[in-house]
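Peer 1: Residue numbers (full-length UniProt numbering): 1 to 170.
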Ligand code: NI
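1) When burial is assigned at 16 or more other CB atoms within 10 Å of the CB, is residue 79 buried or exposed?
2) Give the range of the alpha helix (DSSP H) segment to which residue 75 is assigned.
3) Does the beta-carbon of residue 15, which I'm using as the reference point, lie nearer than 7 angstroms to any heavy atom of the ligand NI?
4) The alpha helix (DSSP H) spanning residue 133 covers which residue range?
5) In whole angstroms, give me the CA-to-CA distance for residue 75 and residue 41.
6) Three or more C-beta pairs closer than 8 angstroms, one from the region 150-170 and one from the region 108-124: is that the case here?
7) Please name the residue, chosen from 125, 164, 44 and 12, that lies closest to residue 66 on a Cα-to-Cα basis.
8) When burial is assigned at 16 or more other CB atoms within 10 Å of the CB, is residue 95 buried or exposed?
9) Take residue 3 and list the residues in its own chain whose beta-carbon comes closer than 7 angstroms to its own, dropping the five residues that flank it on each side.
10) Within 8 angstroms, do at least three Cβ pairs link the region 52-69 to the region 134-153?
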């Protein structure tokens with residue numbers, strides 16, 4: 001087990017489009033273990049492989065209060081999304097300290113392989129539906145701040161770059 005470094009916006013590698021996982025093998029199972037450990041350590045509710053610089057279609061999620069219900073989605077595809085949408089505040093481990101409103105479908109259905117390589121279809125609503133859509137955007141190289149206005153996005157970019165410079169100086 002190992003904590004993995006998380007890429008932070010505006011790192012250009014966050015805009016890489018992930019490729020499908022070819023086989024749920026020992027390498028992928030080890031990656032899942034490390035990604036879950038990294039997500040729990042960072043107090044996040046979701047983490048996409050893109051964020052740890054692995055460009056394959058894999059995300060881990062846990063939206064439970066108890067932090068004991070890990071969900072693994074490999075090669076996820078949204079098979080249905082409600083026309084009903086809602087704006088909710090989102091944050092991201094790759095954009096620490098920033099929260100802003102994004103419009104998402106309130107309910108979705110998603111088909112994916114689980115950590116054992118079994119195909120499953122899942123219906124999700126509320127925070128879980130939002131989280132799945134957010135993480136699947138990462139696999140397409142999209143960070144949630146790209147839904148915001150250019151003005152807001154530039155302000156966030158400047159803030160993140162300054163925070164990085166301050167860290168490097170220490
Ligand atoms: Ni994120």
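For glycine and all other residues, C-beta sits at the position ideal for the given N, C-alpha and C.
Peer 2: Inspection of the coordinates gives the following:
1) Residue mapping note: residue 79 aligns to position 79 of the chain shown, counting from 1. With a threshold of 16 other beta carbon atoms within 10 Å, residue 79 falls short and is exposed.
2) One-based indexing of the chain shown puts residue 75 at position 75. Where residue 75 is concerned, there is no enclosing alpha helix (DSSP H), although the beta strand (DSSP E) it sits in stretches over 71-81.
3) If you number the chain shown from 1, residue 15 lands on position 15. Residue 15 Cβ: outside cutoff for every heavy atom of the ligand NI.
4) Taking the first residue of the chain shown as position 1, residue 133 is located at position 133. Under the DSSP assignment, residue 133 falls in the alpha helix (DSSP H) whose first and last residues are 126-139.
5) Along the chain shown, read from residue 1 onward, the residue named residue 75 stands at position 75. Along the chain shown, read from residue 1 onward, the residue named residue 41 stands at position 41. Rounded to whole angstroms, the gap between the alpha carbons of residue 75 and residue 41 is 24 angstroms.
6) With the cut-off at 8 angstroms, the region 150-170 and the region 108-124 do not touch.
7) Counting from one through the chain shown, the residue named residue 66 turns up at place 66. Checked all of 125, 164, 44 and 12; the closest Cα to residue 66 is 44.
8) In the chain shown, counting from the first residue as 1, residue 95 sits at position 95. Buried: at least 16 other Cβ atoms inside 10 Å.
9) The sequence position of residue 3 within the chain shown is 3, counting from 1. The beta carbon of residue 3 sits closer than 7 angstroms to the beta carbons of 37, 38 and 41 from its chain, once the five residues preceding and following it are set aside; these are given in chain order.
10) With the cut-off at 8 angstroms, the region 134-153 and the region 52-69 touch.
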